[in-house]
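Protein chains: 2
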Amino acid sequence: MTNLLTDYVAKFITLTSEESEELVKNFNEVKIKKKQFITQPNFTSRHRNFVVKGAFRSYVVDDKGQEHTVQFAIENWWISDFNSFIYQHPATLFIVALEDSTLLQLDYEKEQELKKKSHKFETFFRIIAEKGLAFEHRRIIFNLTHSAEARYENFLLSFPHFVQRVPQYALASYLGMSVEFLSRIRNKKAIRKS
Amino acid sequence: MTNLLTDYVAKFITLTSEESEELVKNFNEVKIKKKQFITQPNFTSRHRNFVVKGAFRSYVVDDKGQEHTVQFAIENWWISDFNSFIYQHPATLFIVALEDSTLLQLDYEKEQELKKKSHKFETFFRIIAEKGLAFEHRRIIFNLTHSAEARYENFLLSFPHFVQRVPQYALASYLGMSVEFLSRIRNKKAIRKS
DNA sequence: CATTTTTTTTGACCTACATCAATTTTATTC
DNA sequence: GAATAAAATTGATGTAGGTCAAAAAAAATG
């Protein structure tokens, strides 16, 4: 199960097999059942989560009780309440498993040690933070500049592997629209095609 | 002018005065006149920009010719087309000076060298990327969960120093609403107070 | 596999915010 | 500091997308 992680890490930094093992041994494998929560508001997020199997969804609940999806994650993606994790303060997000899943969890303190000990590991975490930031920038820009329908189309093209695995109500709120409206968009497309 | 930068860096990492000088000497000071562009679509962003004086705004222009503000920056903030900078591919954003300004620019290649040479410098860039990512996460979550009026109120509270220095049309598009609607929100508030 | 629960769809109606156009106010420039 | 340009305001009107409620479809569960 840790092969997936070593392959992932190898995309960004070059490690000897000893270094690779040193990194990976700090992660704990945990199995999470569908519908199980791994993060909840008011509890501090103690680890960074790498998905080796399954799917997750993070979301906020607003004042009116509405859920808004913040992120999805499947194999090879990270998921956390990032603000809670890096500042080690209480979370505001829920993170729930959409399927029976397996995570590799890296403890906050262990991560700090890894970064302190090794320049390479520091580089790794720098790169994934930068890539994450670039990703969120693209997301913000796209959301500012496109209609609900265009955002959905773009999601289909950009994340085809996610579409089959996430419920529509979760996708709708990720894209910033109501479930009903997303349903209408999909239906309109279906009619157009026939 | 580089004092502002050394003070800024000192908030995140502890450097000897030699290290500090070594870092800072890689930045070039440049003066930018109001309305001057430092980034434009199709040109690759070659440096990271630290604002020591003045104010900037980055924005996209959509298919309909509408401008959407992506970011503001005043003293002690960074500004760039981050996707263009880190991947060294053509920019999609405009970045323009809102006032006569002074920047400290760090060249892409010099940044790579700095990070390679020094574990501490690597740590610095990792921290600012993480903080940036955490910031954008909060922004996405807030935007997903709040009305136009609440987003404006929140901006007033969170960035009081920006409000006086950025034009309203730019703020409106940053907050994802029309100029007219922002004007109405402000006006409604003024009436309420009297 | 029948029952219950969850998710998606559909229709009727509604509203937050956009658009357009004209006017006023505020900056900029010579 | 008068002239011009840029930004902000105001009113009238339009619409993308929301809300509510009920039905249909799909998935979960014993």
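The listed protein sequences derive, respectively, from chains A and B.
Okay, so the first sequence: first residue is 1 according to our numbering, each after it adds one.
Okay, so the second sequence: first residue is 1001 according to our numbering, each after it adds one.
Backbone N, C-alpha and C define an ideal beta-carbon position, used for all residues, glycine too.
For F125/A, at least one C-beta of chain B is nearer than 8 Å to its own C-beta. Counting C-beta pairs with one atom in each stretch, the region 125-137 of chain A and the region 1118-1136 of chain B have three or more that are closer than 8 Å, which means they touch. Counting only runs that start and end inside the region 1048-1073 of chain B, the beta strand (DSSP E) elements of at least 3 residues fall at 1056-1061 and 1067-1073. According to the DSSP assignment, T123/A belongs to no beta strand (DSSP E) but to the alpha helix (DSSP H) extending over H119 to T145. Assigned with DSSP and collapsed to three states, S1101/B falls in strand.
Taking the Cα positions, E111/A is about 13 Å away from F50/A. Contact fails between the region 81-89 of chain A and the region 21-36 of chain A, because fewer than three Cβ pairs, one in each stretch, are under 8 Å apart. By the CB criterion at 8 Å, T1002/B and L1104/B fall inside the cutoff. Taking a C-beta distance under 8 Å as the contact criterion, L106/A and F12/A do not qualify as a contact pair.
Contact note: A129/A reaches chain B through R1126, A1129, E1130 and L1133, using a C-beta cutoff of 7 Å and chain order. For W78/A, the pairing in a beta bridge is given by DSSP as F50/A. Residues of the region 1037-1052 of chain B with a C-beta less than 9 Å from any C-beta of chain A: none at all.
When the alpha-carbon of E1022/B is set against those of K1120/B, A1097/B, W1077/B and L1093/B, the nearest one is in K1120/B.
Under the DSSP assignment, F1037/B falls in the beta strand (DSSP E) whose first and last residues are F1037 to T1039. Interface with chain B (8 Å Cβ-Cβ cutoff): F82/A is included. A Cβ-Cβ separation of about 6 Å places H1068/B in contact with Y1059/B under the 8 Å criterion. V179/A is positioned such that its CB atom lies closer than 8 Å to that of Q168/A. Around the beta carbon of A1055/B, 16 or more other beta carbons sit within 10 angstroms, so the residue counts as buried.
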